[in-house]
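Protein sequence lines correspond, in order, to chains A and B. Residue 362, in this note's numbering, is where the first sequence stops; the numbers in between run on with no holes. Residue 362, in this note's numbering, is where the second sequence stops; the numbers in between run on with no holes. Structure first, commentary second.
There are 2 protein chains.
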Amino acid sequence: MKIDIDINLSSNQKYFVHIDEFDVLNIDHKVAIITNETVSKLHLKTVCEKIKAKELHIVTIKDGEEYKNLETIEYVLNELFKYRIDRKSTLIALGGGVVGDMTGFVASIYQRGVKFIQMPTTLLSQVDARVGGKTGINNKFGKNLIGTFYQPSAVYCESEFLKTLPKREFNAGVAEIIKMAVMFDKEFFEWLKNADFNKKEDLKYAIKRCIEIKAQVVMLDEKENGIRAVLNYGHTFGHVIECEAGYGTYLHGEAVSMGIVMANELAKKIGLLTKKEADEIEDLLKKYDLPTRYNLKNIDKFYDAFFLDKKSSNWVITFILPNGIGQSKMVSDAKEDIVKNILKVFG
Amino acid sequence: MKIDIDINLSSNQKYFVHIDEFDVLNIDHKVAIITNETVSKLHLKTVCEKIKAKELHIVTIKDGEEYKNLETIEYVLNELFKYRIDRKSTLIALGGGVVGDMTGFVASIYQRGVKFIQMPTTLLSQVDARVGGKTGINNKFGKNLIGTFYQPSAVYCESEFLKTLPKREFNAGVAEIIKMAVMFDKEFFEWLKNADFNKKEDLKYAIKRCIEIKAQVVMLDEKENGIRAVLNYGHTFGHVIECEAGYGTYLHGEAVSMGIVMANELAKKIGLLTKKEADEIEDLLKKYDLPTRYNLKNIDKFYDAFFLDKKSSNWVITFILPNGIGQSKMVSDAKEDIVKNILKVFG
Numbered sequence: 016m017k018i019d020i021d022i023n024l025s026s027n028q029k030y031f032v033h034i035d036e037f038d039v040l041n042i043d044h045k046v047a048i049i050t051n052e053t054v055s056k057l058h059l060k061t062v063c064e065k066i067k068a069k070e071l072h073i074v075t076i077k078d079g080e081e082y083k084n085l086e087t088i089e090y091v092l093n094e095l096f097k098y099r100i101d102r103k104s105t106l107i108a109l110g111g112g113v114v115g116d117m118t119g120f121v122a123s124i125y126q127r128g129v130k131f132i133q134m135p136t137t138l139l140s141q142v143d144a145r146v147g148g149k150t151g152i153n154n155k156f157g158k159n160l161i162g163t164f165y166q167p168s169a170v171y172c173e174s175e176f177l178k179t180l181p182k183r184e185f186n187a188g189v190a191e192i193i194k195m196a197v198m199f200d201k202e203f204f205e206w207l208k209n210a211d212f213n214k215k216e217d218l219k220y221a222i223k224r225c226i227e228i229k230a231q232v233v234m235l236d237e238k239e240n241g242i243r244a245v246l247n248y249g250h251t252f253g254h255v256i257e258c259e260a261g262y263g264t265y266l267h268g269e270a271v272s273m274g275i276v277m278a279n280e281l282a283k284k285i286g287l288l289t290k291k292e293a294d295e296i297e298d299l300l301k302k303y304d305l306p307t308r309y310n311l312k313n314i315d316k317f318y319d320a321f322f323l324d325k326k327s328s329n330w331v332i333t334f335i336l337p338n339g340i341g342q343s344k345m346v347s348d349a350k351e352d353i354v355k356n357i358l359k360v361f362g
Numbered sequence: 016m017k018i019d020i021d022i023n024l025s026s027n028q029k030y031f032v033h034i035d036e037f038d039v040l041n042i043d044h045k046v047a048i049i050t051n052e053t054v055s056k057l058h059l060k061t062v063c064e065k066i067k068a069k070e071l072h073i074v075t076i077k078d079g080e081e082y083k084n085l086e087t088i089e090y091v092l093n094e095l096f097k098y099r100i101d102r103k104s105t106l107i108a109l110g111g112g113v114v115g116d117m118t119g120f121v122a123s124i125y126q127r128g129v130k131f132i133q134m135p136t137t138l139l140s141q142v143d144a145r146v147g148g149k150t151g152i153n154n155k156f157g158k159n160l161i162g163t164f165y166q167p168s169a170v171y172c173e174s175e176f177l178k179t180l181p182k183r184e185f186n187a188g189v190a191e192i193i194k195m196a197v198m199f200d201k202e203f204f205e206w207l208k209n210a211d212f213n214k215k216e217d218l219k220y221a222i223k224r225c226i227e228i229k230a231q232v233v234m235l236d237e238k239e240n241g242i243r244a245v246l247n248y249g250h251t252f253g254h255v256i257e258c259e260a261g262y263g264t265y266l267h268g269e270a271v272s273m274g275i276v277m278a279n280e281l282a283k284k285i286g287l288l289t290k291k292e293a294d295e296i297e298d299l300l301k302k303y304d305l306p307t308r309y310n311l312k313n314i315d316k317f318y319d320a321f322f323l324d325k326k327s328s329n330w331v332i333t334f335i336l337p338n339g340i341g342q343s344k345m346v347s348d349a350k351e352d353i354v355k356n357i358l359k360v361f362g
């Protein structure tokens, strides 16, 4: 199964997302695989056996969102320089979103840009498939605040990789699938209710559908001025949750799951979503054992934290809300007291 | 005087270089000026008076190539986050090449890209005018090894800024002007022999001519696969000189001046340049009190250092040499012993 990601991006670069198609990869130049300690033990051997390159180097980073920072970037860059990786070399990101975001960032700044291939090993990063080319790292001010737009030259999504994924992490990936369905595709949402991800075909279909939707969205709006922001459903709240709870407490998908429920509360209040619809969404999240209720610590601090999120500019917060299931609405005029009242539900 | 830089870059972005046209600048959003301690004392007040923005913040970094590193980038990023600079804000680089390279890099990675305007305060950075959009920082492996391609939204070259420039730094900028003439324009080279940079009109003409040539070159080849590499005349040697001597020992233009003479020695040896032509070039460099003879410490180490320079890949060094005055040739098959014999001249 192969999806052609041919978005009219400013870089004019196109690439393929291959689903279960990773075979022998011949690369005529040096290759450096960037991976983490956990993934390395599970999949590195298999991957290395399939790569034929002039030289093959491995850079292993620590596993976890808390290492997605400038310090790790510097470590990776130094390793690449030590191996004399040059402009014609290719980096391979073998891992989940953290490895992918960081490798993409490194690829975009190493000698002003080298090629990179992504081999996502988590469900979350497979449904993302790097469509849109966002790379980034966190800092003390928030998530993904430093980064670039940079396209991979190919993405290989292997369902084989997902077999070793802890249940909790797999479910976190499902949150992202549910997000896509609620925002863009009611039919897909209905299909999801009865889907069985133990069946390989169901899983592959869901991954494919998410990538297709995301590609369409990004094509319509590369630089996030419009519809692309809709992909941040659940994220405006989710990012603050991750930050308040401390990175590493929740998986990204778990924070998004709780963020979705918060956003839905606001959507209900504004009259965009019925209680029945909100319950259907929450039930689907619960089906995958996802947390849906976050107990926030301090309403005022939580509210203030929105303004450091990069989706808001000039002190206006834009909330991405469902407008029924399968459609979305961006709301920028939600009053402070209304939002804070919603937050009280979770206080 | 205004030059339209409309290169068909991958970013499809065009901008103007304004020569002596900086008047009141109205910016509807937040602005952060990135400058250094030296420039700040000389020009910050004048510049601030001319900028009308919603908020105006200043980030001051230390003066010198030795601070052009990831640590300074992190400091600048943190300052911007503290001031809540957002995606619609504009950064202004007020300073020379170091401030420009770093501000451009920061602008390209801050929240995945914000606008930036450059106000170059050195001759070197004015003749460069950021044409081609290279940004970058150094690390222990070499110069400009980390960076991006990122275009400014405008460049303001003010001859007023150059009046406070130390003679030595001014002359370092002239090295770059001479480089352009030798590589691309014999007529310009002849004109330079009699030019008087105390005359404002001569100076403005030389700046304009360099920017025009560079824009033409970059248009022909954005990603340095071909002719753009010619801009590195003197730099292959120059970078190694800067590195061996220790950053800060020589100004960039001084290292380029010595690098030009080294390259010319090789060009003479290969039969691309006559002794008369090489002498003419060296005489012009000397007219501006530029160093032309570098006494290198260790020939083998100097030679090995070429391979970490990003212009070389897969253990082939490409030398950019003059082919007579006004034309160039890229030489990738220079034998090790020939190059080392040339280096002995400087040993």
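Heads up, the beta-carbon is just placed ideally off N, CA and C, and yes, glycines get one too.
- Counting along the chain, B/Lys60 sits inside the alpha helix (DSSP H) bounded by residues Glu52 to Lys65.
- Looking at the DSSP output, B/Tyr265 sits in no beta bridge, so it has no partner there.
- Contact between the segment 224-244 of chain B and the segment 263-277 of chain B is absent: fewer than three C-beta pairs spanning the two stretches fall below 8 Å.
- When A/Arg243, A/Lys284 and A/Asp294 are compared, the shortest CA-CA separation from A/Val146 is found for A/Arg243.
- Secondary structure remark: continuous alpha helix (DSSP H) runs of at least 4 residues inside the segment 298-340 of chain A, in chain order: 314-320.
- Between B/Glu259 and the set B/Leu177, B/Lys29 and B/Phe317, the nearest pair of CA atoms involves B/Phe317.
- The three-state secondary structure of B/Leu281, taken from DSSP, is helix.
- Close to A/Phe156, with beta-carbon spacing below 7 Å, are these residues of chain B in chain order: Phe96.
- A/Gly253: member of the alpha helix (DSSP H) spanning His250 to Ala260, first to last residue.
- When C-beta atoms of the segment 133-144 of chain B are compared with those of the segment 169-180 of chain B, three or more pairs fall below 8 Å, so the two segments count as touching.
- By the rule that beta-carbons nearer than 9 Å mark a contact, B/Tyr125 touches chain A.
- Note on the segment 162-223 of chain B: whole alpha helix (DSSP H) runs with a minimum of 4 residues are 174-177, 182-199 and 201-209, in chain order.
- Of the residues assessed, A/Gln126 falls on the buried side of the cut-off, its CB having 16 or more other CB atoms within 10 angstroms.
- Annotation: Cβ neighbours of B/Gly151 in chain A (cutoff 8 Å, chain order): Arg127.
- Three or more Cβ pairs closer than 8 Å define a contact, and the segment 192-199 of chain A falls short of that threshold against the segment 161-173 of chain A.
- With a threshold of 9 Å between beta carbons, A/Glu89 makes contact with chain B.
- Residues Met195 and Phe199 of the same chain have their beta carbon placed closer than 6 Å to that of B/Ile228, with the five preceding and five following residues left out of the count.
- Between B/Ser140 and B/Pro167, the alpha-carbon positions lie close to 13 Å from each other.
- The C-beta distance from B/Glu80 to B/Gly263 rounds to 6 Å, short enough to fall under 8 Å.
- Here the C-alpha atom of A/Ala293 lies approximately 54 Å from the C-alpha atom of A/Lys69.
- Nearest CB-CB separation between A/Phe334 and chain B: not below the 9 Å threshold.
- Three or more Cβ pairs drawn from the segment 102-120 of chain A and the segment 49-61 of chain A lie within less than 8 Å of each other, which places the two stretches in contact.
- Note on B/Pro337: 16 or more other CB atoms within 10 angstroms of its CB, so buried under the neighbour-count rule.
- A Cβ of chain B is located within less than 9 Å of the beta carbon of A/Asn93.
- A Cβ of chain B is located within less than 9 Å of the beta carbon of A/Leu160.
- Residues of chain B whose Cβ lies closer than 8 Å to the Cβ of A/Thr163 are, in chain order, Ser123, Ile124, Arg127, Gly128 and Thr163.
- Membership of B/Ile20 in the beta strand (DSSP E) is indicated by the continuous run Lys17 to Ile20.
- Counting every other CB atom within 10 Å of its CB across the protein chains shown gives A/Ile296 a total of 16 or more, marking it as buried.
- In this structure, the straight-line span from the alpha carbon of A/Phe31 to that of A/Ala144 is close to 10 Å.
- In the DSSP assignment, B/Lys359 falls within the unbroken alpha helix (DSSP H) covering Glu351 to Val360.
- Residue A/Tyr171 holds the alpha-carbon nearest to the alpha-carbon of A/Asp38 among A/Val121, A/Tyr171 and A/Thr105.
- The C-alpha of A/Ser123 is placed about 29 Å away from the C-alpha of A/Ile256.
- Put simply, the CB of A/Arg99 is near chain B, with a gap under 9 Å to one of its CB atoms.
- In chain order, Ala270, Val271 and Gly274 place their CB closer than 6 Å to the CB of A/Gly253, counting only its own chain and leaving out the 5 sequence neighbours on each side.
- Inter-residue distance for A/Thr251 and A/Val114 is about 22 Å (C-alpha atoms, whole angstroms).
- Rounded to the nearest whole angstrom, the CA to CA distance from A/Lys214 to A/Ile18 is 21 Å.
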